[in-house]
Structures are given as C-alpha cells and as structure tokens.
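For the sequence shown, the positions run 15 to 201 when our numbering is used.
Below is one structure, written out as structure tokens; comments come after it.
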Amino acid sequence: FKVMKLPVVGVCVALAVTGAAQKPLDARGVFKKTAASVERIETPYSIGTGFSINGGKYIVTCRHVLEASETESEGLVPIVSPIEVEVNGVPCVSILAEDWLLDIAILQVSKPLKSSLTLRAGSAEPGERAYTVGFPHGVAEHTISEGLVSAVRKLPLADTGLSAGVEEFVQTTAAISGGSSGSPLLD
C-alpha cells in the first residue's frame, strides 16, 4: 500500500492504494486486505473508528472521536484521558499527538494489535475509487463504503503543532456515517 496525502475531514488521514505495478483491488479485495487493521474506538462519550499502524502499536483516528463531550460545540473541546479510551477492548496508554485543526490524533495501545496498515507517500487524484472501512453507528462488525475522490484541495492552515502552512485535503463521495469517523480512506 502507499498512502495518499493526509487529512480527510470526517474520515482520517490516509489514503492507501495498491502499487502502480499491481492491478487495483476491487472493494472485496480492499476489505479483505485492510479490515483487520481497522479498529473500533470507544470512550465514555463516543464510538469511532481508527486504524493501526507501526506493527499495531499505534492507532490513527480523528481527534473529535476523543472529545470529552456528547454535544457539538464551536472551538476547542478538551479530549478524554487515555485511560478512558479502548481500542477493540485494548486499553490506550497514551495520546501521543493530537491536532484540533486537522482533526487527527495518534494513540498508543497497551499491547500491539493483530494487524496494521503500511503507509507510504503518494497523491490522490479526482475520479479515483475510494473506500472507507469502519464501524458506522457503533455496529460490532466492519463495513465498507465505496465512492470517488471528488477533489484534492490545498488550504492554508495556521501552525497548530502537527499542522503548519498549506495542507492537502481529500474530498470523497464514500459514505462516512457516525461511528466511522477516523476510518482510513483507501483505494
């Protein structure tokens, strides 16, 4: 897999694709290859999705999945304590990084999870197939949604720690329901 540039609003941060020399995977192939690396995240306030990286030791998700509030609000909402977060029943030991503007967080879990996505640099193109694998509405099993990369937009961002300068955002038609926030965007 290679990753296409970071953030996607509502989904999280990566677009993994098959290598150029390989035949592109269909939805079934993408699901089979990635579902084991997509994780259900629970806090006292929400249920979301994330994906494991780096040998299953770290989870990437959307920051808003970790917010310590059940209501929507404008501006920065504090995030929960790591001890309040479980990833597929495995306790989180640390929130290593979080960025409110990019809506991204990286968690460390207490023991490595069974699988992880391998990420490499790349770029998204409008018209490419895109898939999300997640846990919509908190269902117990993975689901997959299919759509297209609608656009890749460059937007200026203020320096907030992880984000600085101009960032690329991927817009997609792949359905992202509540509970699937933090899902990887794949093709």
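Idealized CB from N, CA, C, for every residue including glycine.
- Rounded to whole angstroms, the Cβ separation of PRO126 and GLY192 is 28 angstroms, and the two are not in contact under 8 angstroms.
- Within 10 angstroms of the beta-carbon of PRO58 lie fewer than 16 other beta-carbons, which makes it exposed.
- Rounded to the nearest whole angstrom, the C-alpha separation of ALA49 and VAL91 is 30 angstroms.
- For THR48, the uninterrupted alpha helix (DSSP H) run begins and ends at 41-48, by DSSP.
- About 4 angstroms separates the Cβ atoms of SER159 and ALA189, confirming a contact at the 8 angstroms cut-off.
- Residue pairing of PHE183 in beta bridges, as defined by DSSP: ARG167.
- Counting C-beta atoms within 10 angstroms of its own C-beta, ASP40 has fewer than 16 neighbours from the protein chains shown and is therefore classed as exposed.
- If you look at ALA119, you'll find it in the beta strand (DSSP E) that goes 118-123.
- Contact annotation: LEU162 and THR132 have beta-carbon atoms that are not nearer than 7 angstroms.
- Around the beta carbon of SER83, a 10 Å sphere encloses fewer than 16 other beta carbons of the protein chains shown; the residue is thus reported as exposed.
- Under the DSSP assignment, PHE65 falls in the beta strand (DSSP E) whose first and last residues are 61-67.
- Residues of the same chain with a CB within less than 6 angstroms of the CB of CYS76, apart from the 5 flanking positions on each side, are CYS26, ASP117, SER195, GLY196 in chain order.
- Collapsing the DSSP output to three states places VAL79 in a helix.
- Non-local beta-carbon contacts of GLY148 in its own chain, meaning distances under 6 angstroms to residues more than five positions away in sequence, involve THR63, SER194, SER197 in chain order.
- Straight across, the Cα-Cα distance linking VAL74 with ARG42 is about 23 angstroms.
- Around the beta carbon of ARG54, 16 or more other beta carbons sit within 10 angstroms, so the residue counts as buried.
- For ILE109, the uninterrupted beta strand (DSSP E) segment begins and ends at 104-113.
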